Amino acid sequence: MQTSAPTRALLIAGTTALCCGGQTPPPVTAPPTPLASAPTAGGELDKATVYDSAGRPSPCGKPKQACREVERDTVFLDRCRLGGFQVRACGCSELCTGDVAAAGRGYDAAGNARVCEPALADCEVAPARAVFQDACAERGFRLSQCGCEWLCSGKVDLAGQ
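No gaps in the numbering here: position 121 of the sequence shown is 122 in the numbering used here, and each next residue is one more.
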């Protein structure tokens, strides 16, 4: 089968355009604009609540340039990051955006905060009062044996019970 010269030229041009050519330059776009709502240093982050290694809350002050050399509390900073929080430079301190000390804190039936020590094998712990167990569970907290007593992971109010 023979094709005419103009048809052959069209086939070659079409095949070349489909396979190798026909590329168009990318469209020209405007440069991206910066976000107007992006937080800036010294903005609302300075007012954020942060926590020290003991769980004490405080506002985060602006980082200072001239601070004396102090040893970093790497255990606290690691617990902060592993807990899903951020470490922030506040003044001359490194503080955490979450209370990582709360994991080791428990509350007795009277609502007093106590440090949850590991359970001791050599003591007999009486079962926690049912009203304390119920109040702790109903609020989504958990009851744990700490030392020789039962503590709730959150503060419950048993006033009048």
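Ideal placement from N, C-alpha and C gives every residue a C-beta, glycine not left out. All figures in this text were calculated on a predicted structure; none of them were measured in a lab.
- Between the CA atoms of Val-116 and Thr-34 - distance to the nearest angstrom: At Thr-34, the pLDDT of 47 sits below 50, so the modelled position is not reliable; the number obtained from the coordinates is stated separately. Near 51 Å, if we compare the C-alpha coordinates of Val-116 and Thr-34.
- Item | Bridge-paired residues (DSSP) for Arg-89 | Checking the DSSP bridge columns, you'll see Arg-89 partnered with Leu-96.
- Message: Taking only three categories from DSSP, how would you classify Leu-121?
- Response: In the structure shown, Leu-121 adopts coil according to DSSP, grouped into three states.
- Compute the distance between the beta-carbons of Val-126 and Cys-153, then report whether it is under 8 Å. no
- Is Glu-72 helix, strand or coil by DSSP? Coil.
- Item | Cβ-based burial, Glu-95 [other Cβ within 10 Å; buried from 16] | So Glu-95 counts as buried.
- With which residues is Ser-154 paired in a DSSP beta bridge? Within the DSSP bridge table, the entry for Ser-154 names no partner.
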